[in-house]
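Numbering (full-length UniProt numbering), first residue to last: 1 to 154.
Following this line, the structure appears as structure tokens:
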């Protein structure tokens, strides 16, 4: 991982294909975060290695099927945890208010849409910020996007 970082620092256009005996998530993620363009286990077939090299040379990412499965499982596990956390921490109404805040609606618009007072929305916002330990509307918006309550396309 360190060698990958150092190599890409000096030669950023180099493509790195990791061939490793390590097939657990932390090594895979470490290499991909370091800038590797592909990852496959050392015991892969020679045909797969050739396919991986060709893929990486054509500016695409290559993950062997077994490595892709590890990445997919980890991703789904993280998404499930994130989904659970937002649904555990916030009430349905708080999630609704957070979504509208993240979509750029002001307090008055949210109050009108939800048919409650402006003061009620201000209280909701305070509670949401306290529960999530966030301190600005920008942080609330980032959180909502990260947790899938809204997206940049909305």
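For every residue, glycine included, the Cβ atom is placed at its ideal position computed from N, Cα and C.
State the Cα-Cα distance for the pair residue i and residue j, rounded to the nearest angstrom.
i: residue 131; j: residue 94; result: 10 Å
i: residue 37; j: residue 142; result: 28 Å
i: residue 115; j: residue 72; result: 41 Å
i: residue 159; j: residue 19; result: Residue 159 falls outside the range modelled here, since the chain spans only 1 to 154, and no answer is possible.
i: residue 34; j: residue 101; result: 35 Å
i: residue 109; j: residue 76; result: 35 Å
i: residue 127; j: residue 148; result: 20 Å
i: residue 61; j: residue 25; result: 17 Å
i: residue 117; j: residue 11; result: 58 Å
i: residue 13; j: residue 46; result: 25 Å
i: residue 146; j: residue 21; result: 32 Å
i: residue 125; j: residue 105; result: 12 Å
i: residue 129; j: residue 135; result: 6 Å
i: residue 137; j: residue 99; result: 11 Å
Just verifying my parser: in three-state terms, what is the DSSP assignment at residue i?
i: residue 134; result: coil
i: residue 41; result: strand
i: residue 18; result: strand
i: residue 100; result: helix
i: residue 63; result: strand
i: residue 147; result: coil
i: residue 154; result: Legend: pLDDT at residue 154 = 49, less than 50; position of this residue unreliable, value from coordinates given subsequently. Correct three-state label for residue 154: coil.
i: residue 171; result: This structure cannot speak to residue 171, because the chain is shown only from 1 to 154.
i: residue 36; result: coil
i: residue 123; result: helix
i: residue 91; result: coil
Round the Cβ separation of residue i and residue j to the nearest angstrom and send it over; I've been treating them as touching at under 8 Å.
i: residue 121; j: residue 89; result: At roughly 19 Å, the Cβ-Cβ gap does not stay under 8 Å, so residue 121 and residue 89 are not in contact.
i: residue 150; j: residue 103; result: 6 Å
i: residue 70; j: residue 4; result: Going by Cβ atoms, the distance from residue 70 to residue 4 rounds to 18 Å, so no, they are not a contact pair.
Quick one, are the C-beta atoms of residue i and residue j less than 7 Å apart?
i: residue 28; j: residue 1; result: no
i: residue 64; j: residue 40; result: yes
i: residue 17; j: residue 50; result: no
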